[in-house]
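Residue numbers (the working numbering): 3 to 316. Don't be surprised by glycine CBs; every beta carbon is placed ideally from N, CA and C. Note that the structure is predicted; figures quoted are calculated from it, not measured. Below is one structure, written out as structure tokens; comments come after it.
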Amino acid sequence: MTRSYKHLFGPVPSRRFGRSLGIDLTPFKTCSYDCVFCQLGRTTNHTCKRENYVAVDETIAEIRHWLENDGKADQITLAGSGEPTLHAGFGEILSFVKAHTKTPVAILTNGSMLYLPEVRKAAARADIVKISLSAWDQQSFERVNRPAAGYRFEQLIEGETKFREEFKGRLWLEVFMLEGINASRSDVEKISAFTRQIRPDRVQLNTCVRPPAEDFAHAVPQAAMSDLAGLFNPAAEIIAEYRASDTGEIKVSKEAILEMLQRRPCTAGQIAEVFGMHLNEVAKYIGMLMRSELITATHRNGDVYYFSQKSATK
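Written out as structure tokens, the structure reads:
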């Protein structure tokens with residue numbers, strides 16, 4: 003049985019998680035950061051205010067329906083178009099998922115809210131928590147991540163360090179590197195010192211291989227990334243998906259994806275291949291189009307195909 007969901011997207015194939023069902027708990031671009039590298043553009047609701055941005059009971063009802071009907075995925079992930087821990091009820095939603103399925107649950111968070119004990123307690127219910135750290139002091143933090151007014155770098159380090167002490171699951175830490183901003187050897191050594199303090203199970207290096215929010219945010223070349231990975235102990239893994247060539251790149255937008263889906267149904271993987279996108283980025287666009295009721299989905303031979311509502315009515 004196929005149904006369009008407001009707060010769920012996927013499952014989409016993921017190199018790290020397999021087939022991952024996404025749960026989107028905030029309106030588009032509601033975030034405590036306004037990162038210069040964000041592939042979804044500038045933050046429109048820049049806040050550290052925690053509230054029930056989407057209804058908990060409505061989200062749980064969708065998850066329940068998915069589990070009873072479609073419910074096959076390798077991973078369930080709290081992610082999407084904003085910062086999931088800004089949702090005041092994300093712990094309740096996590097508890098429901100953990101109580102009703104054995105599928106592992108992950109949270110993709112920037113880590114900004116982990117200085118709050120109630121957020122750490124709620125996030126600890128997940129199996130995998132992926133946090134981020136791309137700066138080493140307040141000045142670099144504001145240059146790269148542009149936190150909401152009043153938020154301090156010390157709060158981020160305090161929260162991530164305390165969470166590691168309390169969390170029994172797998173903790174992954176992503177460092178997003180930008181040429182000329184935070185990717186010199188001395189910059190990375192300072193970031194690496196904080197990762198040793200936080201003690202994640204994995205350190206993952208990323209860079210903006212897709213168009214970022216700001217034109218001055220540039221990708222770090224692959225060879226340089228490989229050299230910098232060795233500054234972490236243990237050595238970091240590179241998760242940026244470099245393409246063989248950027249020549250003739252297709253401009254990505256919701257409209258471009260929708261236009262393609264008006265011509266023929268595609269899986270998330272096919273969309274990613276056509277546009278040279280990361281699957282997580284595809285999932286966010288799919289989520290936006292589904293919530294706008296511009297596309298719908300159908301299951302065929304074990305895969306999820308997306309097609310435009312317009313083409314469906316032709």
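Which term fits residue i, buried or exposed, when burial requires 16 or more other beta carbons within 10 angstroms of its beta carbon?
| i | result |
| --- | --- |
| G250 | Confidence in G250 is poor, its pLDDT being 40 and thus under 50, which makes the residue's placement too unreliable to answer from. |
| P119 | exposed |
| Q77 | buried |
| F218 | exposed |
| R154 | exposed |
| N235 | exposed |
| I252 | The pLDDT assigned to I252 is 46, lower than 50, so where the model puts this residue is not dependable; a value taken from the coordinates is nonetheless given after this. Burial call: exposed. |
| H9 | buried |
| S188 | exposed |
| H301 | exposed |
| E144 | exposed |
| A63 | exposed |
| Y7 | buried |
| N71 | exposed |
| S2 | As displayed, the chain neither begins before 3 nor continues past 316, which places residue 2 out of reach and without an answer. |
| R198 | exposed |
| K170 | exposed |
| A225 | exposed |
| A151 | exposed |
Relative to the C-alpha of residue i, which residue among the options is closest?
| i | options | result |
| --- | --- | --- |
| R148 | C37, T103, F165 and F30 | C37 |
| A237 | P86, Q206, S188 and R187 | Q206 |
| K163 | N71, K51, G113 and S6 | In the sequence as presented, Lys is not what sits at residue 163; that position holds Thr. It is G113 whose Cα lies nearest to the Cα of T163. |
| G73 | Q141, K104, I240 and I193 | K104 |
| L173 | A150, S188, R187 and R201 | R201 |
| Q41 | N282, P213, S294 and T298 | P213 |
| F92 | A75, N71, D59 and L291 | D59 |
| L110 | L88, R293 and A274 | L88 |
| T49 | V211, K31 and I65 | K31 |
| G161 | I288, A151, F196 and K192 | F196 |
| D26 | A75, D305, T298 and M292 | M292 |
| F39 | V146, M227, V190 and E191 | V146 |
| G82 | S22, W68 and A137 | S22 |
| Y117 | E216, G278, L175 and I159 | I159 |
| S134 | N71, R166, L175 and K170 | L175 |
| Q157 | K170, A137 and F277 | A137 |
| R165 | M115, S142 and A150 | As written in the sequence, residue 165 is Phe, which differs from the Arg given in the question. Checked all of M115, S142 and A150; the closest Cα to F165 is M115. |
| G43 | I65, A151 and E283 | E283 |
| T298 | L263, Q272 and H280 | L263 |
| R66 | K51, H102 and G304 | H102 |
Please go through the same chain and pick out, in chain order, the residues whose beta-carbon is closer than 6 Å to the beta-carbon of residue i, but skip the five residues on each side of it.
| i | result |
| --- | --- |
| P267 | Y307 and F309 |
| V222 | M179, E181, A185 and T209 |
| C33 | T45, G84 and E85 |
| D229 | none |
| A242 | N208, T209 and V211 |
| E216 | V38 |
So for residue i, helix, strand or coil by DSSP?
| i | result |
| --- | --- |
| A128 | coil |
| R266 | coil |
| Y308 | strand |
| G289 | helix |
| T79 | strand |
| G320 | Outside the displayed range of the chain (3 to 316) lies residue 320, so it cannot be described from this structure. |
| R21 | strand |
| F169 | coil |
| S136 | coil |
| H301 | strand |
| L27 | coil |
| L281 | helix |
| F11 | strand |
| E160 | helix |
| H48 | strand |
| I240 | strand |
| T197 | helix |
| A215 | coil |
| T61 | helix |
Going along the chain, which residues of its own chain have a beta-carbon closer than 7 Å to the beta-carbon of residue i, five neighbours each way excluded?
| i | result |
| --- | --- |
| L296 | L260, S310 and Q311 |
| D139 | F155 |
| A285 | F11, G12, V14, G24 and A270 |
| P2 | Since the first residue of the chain shown is 3 and the last is 316, residue 2 is not available in this structure. |
| E168 | R122 and A126 |
| K256 | Y287, M290 and L291 |
| E191 | L233 |
| G20 | D76 and Q77 |
| S142 | N184 |
Per DSSP, which residues does residue i bridge with? Please list them.
| i | result |
| --- | --- |
| C210 | None; C210 has no bridge partner. |
| F178 | N208 |
| E53 | H89 |
| I95 | I95 pairs with nothing; no bridge assigned. |
| T105 | Partner(s): none; T105 has no beta bridge. |
| C33 | H48 |
Once you ignore the five residues that flank residue i on each side, which residues in its own chain have a CB closer than 8 Å to its CB?
| i | result |
| --- | --- |
| T107 | In the sequence on display, residue 107 carries Val and not Thr. For V107, where only same-chain residues beyond five positions count, the Cβ hits under 8 Å are Q77, I78, T79, L80, L96, V99, K100, R127, A128, D129 and I130. |
| A231 | L207, A237, A238, E239 and I240 |
| E53 | L88, H89 and A90 |
Tell me, please, whether the CB atom of residue i is closer than 9 Å to any CB atom in chain B?
| i | result |
| --- | --- |
| A258 | Absent from the structure is chain B; it holds one protein chain and no more. |
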